[in-house]
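Residue numbers (the working numbering): 1391 to 1713.
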Ligand code: DGY
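Shown next, in the form of structure tokens:
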């Protein structure tokens, strides 16, 4: 079929692939895992629009390899730290992401991590499977409840707000830190108090990160910040791995500087700091924030619609923030 070429770097749900097929020629790599760099560079050659995943690095080299006809990179993710926006702008390429459609799924997963870390679910699961003897006891594997505790959120955007709504249903108080105050109706609905970072660190019982990865947020939580937290506090990261200094976190958890952590993302993903693997007080899951059938379908469909819209001259539906 004549028409624009849409290249998709991994398997995507059928409904998204079908939309692209109807709008032009679809070239798709059906692998589920990140494809090797050289294959990626060959795959994108000649594309008018590329749908990328968060592990596909979109930089000068890739944009060159794609060719001058490339007009859109539609990232199938809300985060776009894998994309060099300046290079894309130089090449006249519009970049889009998938905000909104994954907020609920990611917030659900975050609450799962909070519960798993505070109530020691993964540790308990490992104990039962180990076949070691155990018995109910008044002091056996105690965790800490959430009611009346403070959830500190860094980044009260779409996902952070959904986490806060859920946490309120668990009886938590909400505090947050972000560059700009949240809109008054959000603050009122969540009864959320905005605090400077130092105060948020010192007062949070659970600290949950929902900030994009930028040069400003890389290692936002390092040794000094972990030291400033309560010894009973729990750190949750379902944002981007490099926001936390993973080695410093492993040391803080081992030394009891904070009580526990729950991680969905990793500094050198998919590798995990080896020192974390031996610790019982950290729950580790493999970047599952948006991993539901419904959400992944919605993300891929939105990315496909963005690509189609850009190529048809109607402009992006959800351009990334700085474009
Ligand atoms: C995103 O969209 O940025 C998420 O990390 C995917 O789970």
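Backbone N, C-alpha and C fix where the C-beta goes; we use that ideal spot for every residue, glycine too.
In the DSSP assignment, residue 1520 falls within the unbroken alpha helix (DSSP H) covering 1511–1520. Judged by DSSP in its simplified three-state form, residue 1583 adopts strand.
Between the ligand DGY and the CB of residue 1677, the shortest heavy atom gap is smaller than 8 angstroms. The beta carbon of residue 1598 sits no closer than 8 angstroms to any heavy atom of the ligand DGY. Less than 9 angstroms separates the beta-carbon of residue 1634 from that of residue 1653. Where residue 1684 is concerned, the enclosing alpha helix (DSSP H) starts and stops at 1683–1701. At a threshold of 8 angstroms, residue 1634 does not count as near the ligand DGY, since its beta carbon sits no closer than that to any of the ligand's heavy atoms. Boundaries of the beta strand (DSSP E) harbouring residue 1672: 1672–1674, taken from the DSSP string. Excluding the 5 residues flanking it on each side, residue 1691 has same chain C-beta neighbours closer than 8 angstroms at 1403, 1405, 1406 and 1409, in chain order. Ranked by Cα distance from residue 1465, the first of 1458, 1484 and 1459 is 1484. With 16 or more other CB atoms across the displayed protein chains lying within 10 angstroms of its CB, residue 1474 is buried. Beta-bridge analysis with DSSP links residue 1472 to no other residue. In the DSSP assignment, residue 1563 is bridged to 1540.
Annotation note: the segment 1570–1615 contains the following uninterrupted beta strand (DSSP E) runs of length 3 or greater, listed N- to C-terminal: 1582–1584 and 1596–1599.
Around the beta carbon of residue 1518, fewer than 16 other beta carbons sit within 10 angstroms, so the residue counts as exposed. Beta bridge pairing from DSSP links residue 1417 with 1397. In this structure, residue 1402 has its beta carbon at no less than 8 angstroms from each heavy atom of the ligand DGY.
Residue range 1493–1508 is occupied by the alpha helix (DSSP H) that includes residue 1505, with no beta strand (DSSP E) assigned at that position. Excluding five sequence positions before and after residue 1688, the CB atoms of its chain that fall closer than 7 angstroms to its own CB belong to 1491, given in chain order. According to DSSP, residue pairing for residue 1461 in a beta bridge does not occur. Residue 1710 sits in coil when the DSSP states are folded into three classes, being neither helix nor strand. For residue 1500, the shortest C-beta to heavy atom distance toward the ligand DGY is 8 angstroms or greater.
Burial is judged here by how many other beta carbons sit within 10 angstroms of a residue's own beta carbon; residue 1563 has at least 16 and is buried.
Taking each of 1586, 1618 and 1679 in turn and checking the Cα distance to residue 1631, the smallest one comes out for 1679. Nearest neighbour of residue 1626 by Cα position, chosen from 1426, 1598 and 1545, turns out to be 1598. The continuous beta strand (DSSP E) containing residue 1650 extends over residues 1650–1653.
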